[in-house]
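Just so you know, we're using our numbering here: the sequence shown kicks off at 304 and counts up by one. C-beta: ideal position from N, C-alpha, C; glycine also. For reference, the structure discussed in these notes is given below.
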Amino acid sequence: MNVGIKGFGAYAPERVVDNAYFESYLDTSDEWISQMTGIKERRWADKDEQTSDLAYEASVRAIEDAGIDKDEIDMVIVATSTGDHRFPTVANMLQHRLGLNKVASVDQLAACTGFMYGIVTARAYVLSGDYKNILVVGADRLSGITDLEDRSTAILFGDGAGAAIIGEVSENRGILSYELGSDGIGGKYLYQEKGTDFIRMNGREVFKFAVRIMGDSSLRVVEKANLQPDDIDLFIPHQANIRIMESARQRLNIPKEKMSVSVNKYGNTSAASIPLSISDELKAGRIKDDDVLVLVGFGGGLTWGSLVIRWGK
Numbered sequence: 304m305n306v307g308i309k310g311f312g313a314y315a316p317e318r319v320v321d322n323a324y325f326e327s328y329l330d331t332s333d334e335w336i337s338q339m340t341g342i343k344e345r346r347w348a349d350k351d352e353q354t355s356d357l358a359y360e361a362s363v364r365a366i367e368d369a370g371i372d373k374d375e376i377d378m379v380i381v382a383t384s385t386g387d388h389r390f391p392t393v394a395n396m397l398q399h400r401l402g403l404n405k406v407a408s409v410d411q412l413a414a415c416t417g418f419m420y421g422i423v424t425a426r427a428y429v430l431s432g433d434y435k436n437i438l439v440v441g442a443d444r445l446s447g448i449t450d451l452e453d454r455s456t457a458i459l460f461g462d463g464a465g466a467a468i469i470g471e472v473s474e475n476r477g478i479l480s481y482e483l484g485s486d487g488i489g490g491k492y493l494y495q496e497k498g499t500d501f502i503r504m505n506g507r508e509v510f511k512f513a514v515r516i517m518g519d520s521s522l523r524v525v526e527k528a529n530l531q532p533d534d535i536d537l538f539i540p541h542q543a544n545i546r547i548m549e550s551a552r553q554r555l556n557i558p559k560e561k562m563s564v565s566v567n568k569y570g571n572t573s574a575a576s577i578p579l580s581i582s583d584e585l586k587a588g589r590i591k592d593d594d595v596l597v598l599v600g601f602g603g604g605l606t607w608g609s610l611v612i613r614w615g616k
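Set out below in structure tokens:
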């Protein structure tokens, strides 16, 4: 059985927050933010727009794209660090709002790597033969846990969601290889602070970790798929920082035009980061059937995940 993405959808809130917003009250500038991160603007949800709302909008698009009836979905997995509540989970709320049968639903928390973990988890369930169509969503509303007075993190984060229907696909398509990992010793470098719930980060240490793991993990999954870097049609890294992304691209030794860049428009949207990039590339016609994609992410934990997928239903 070949398991891959049968349908895809994404959603970003309408509100656009550009770098000038931060220039108005922080000691920073559009030039500095752009140079150091690659971010020009990000999307923030309205006060009454929660993570479950973002997830719902992306899911509706994914179900429609898959061309299946919603009743054919037999599990919901939501990757998020910013659930509306501790419980019920976003997946619980999404299952109800979509009007799905009483199917299994669960949130996964692997921070910015969550969408990768969700896809690999769904793949295992489909391969078991017990499930056929699993809705996997990466959704985060980081604007709600960002300290807007902290110059080092306030500029980085945005909100959004992406969703995929994971199930059986045609021969020679689907997930060709993957890698998941974590190193808890680095948890102190990127975490949610008790008492405030704000994101706290040691930027220098996270940068060093990300530069190493993004490139190394990408190379390993390409090798596991029995491919060469030249076989890659599009490289889609976690959109956290353009300098980290560039380092990973150079490690893979692929040209700039083969790397997806959306960090300039959305900032770091955690579990929604990679799916938002996929959505943009699909709209631009840069992803076609049988294209080989390499997806790689890293996040708090510290966690990482990468996979090679041959696109197509």
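Could you tell me how far apart the beta carbons of residue 480 and residue 527 are, in whole angstroms, since I believe they sit closer than 8 Å? That pair is a contact at about 4 Å.
Going by DSSP, what residue range makes up the alpha helix (DSSP H) through residue 333? 333 to 340
If you follow the alpha helix (DSSP H) that residue 428 is part of, which residue opens it and which one closes it? 417 to 430
How long is the line joining the alpha carbons of residue 515 and residue 546, rounded to whole angstroms? 12 Å
Quick check: the segment 444 to 457 against the segment 344 to 363, are at least 3 beta-carbon pairs closer than 8 Å? yes
Name the two residues that bound the continuous alpha helix (DSSP H) containing residue 582. 576 to 586
I'd like to check one pair, residue 425 with residue 371: are the Cβ atoms closer than 8 Å? no
Let's test the definition: count the other Cβ atoms within 10 Å of the Cβ of residue 467 and tell me whether it reaches 16, buried, or not, exposed. buried
Quick one: grab the DSSP three-state call for residue 535. coil
Would residue 567 and residue 343 qualify as a contact pair, given that the criterion is a beta-carbon distance under 8 Å? yes
What's the call for residue 304, buried or exposed, on a 16-neighbour Cβ count within 10 Å? exposed
Examine the Cβ distances between the segment 483 to 495 and the segment 410 to 430 and report whether three or more of them are shorter than 8 Å. yes
Does the beta-carbon of residue 367 have 16 or more other beta-carbons within 10 angstroms, so that it is buried, or is it exposed? Residue environment: residue 367 is assigned as exposed (fewer than 16 neighbouring CB atoms within 10 Å of its CB, all protein chains considered).
Residue 314: first and last residue of the uninterrupted beta strand (DSSP E) it sits in: 305 to 314 is the span of the beta strand (DSSP E), which, as asked, contains residue 314.
Sorry if obvious, but does the Cβ on residue 383 come closer than 7 Å to a heavy atom of the ligand FMN? Questions concerning the ligand FMN fall outside what the structure shown contains, since it holds no ligand whatsoever.
Presumed contact (8 Å Cβ cut-off) between residue 558 and residue 548, rounded CB distance: That pair is no contact at about 14 Å.
Hey, would you say residue 307 sits closer than 8 Å to residue 476, going by beta carbons? yes
Could you give the distance in angstroms between the alpha-carbon of residue 613 and the alpha-carbon of residue 329? 44 Å
Could you give the DSSP three-state label for residue 528: helix, strand or coil? coil
For residue 456, which of 431, 410, 493 has the nearest alpha-carbon? Here the closest residue by C-alpha is 493.
Return helix, strand or coil for residue 547, following the three-state DSSP convention. helix
Can you name the residues that DSSP bridges to residue 357? Answer is none; residue 357 lacks a bridge partner.
Residue from 525, 487, 390, 383 with nearest C-alpha to residue 440: The shortest Cα separation from residue 440 among 525, 487, 390, 383 belongs to 383.
Tell me residue 607's beta-bridge partners as DSSP assigns them. The beta-bridge partner set that DSSP reports for residue 607 consists of 484, 601.
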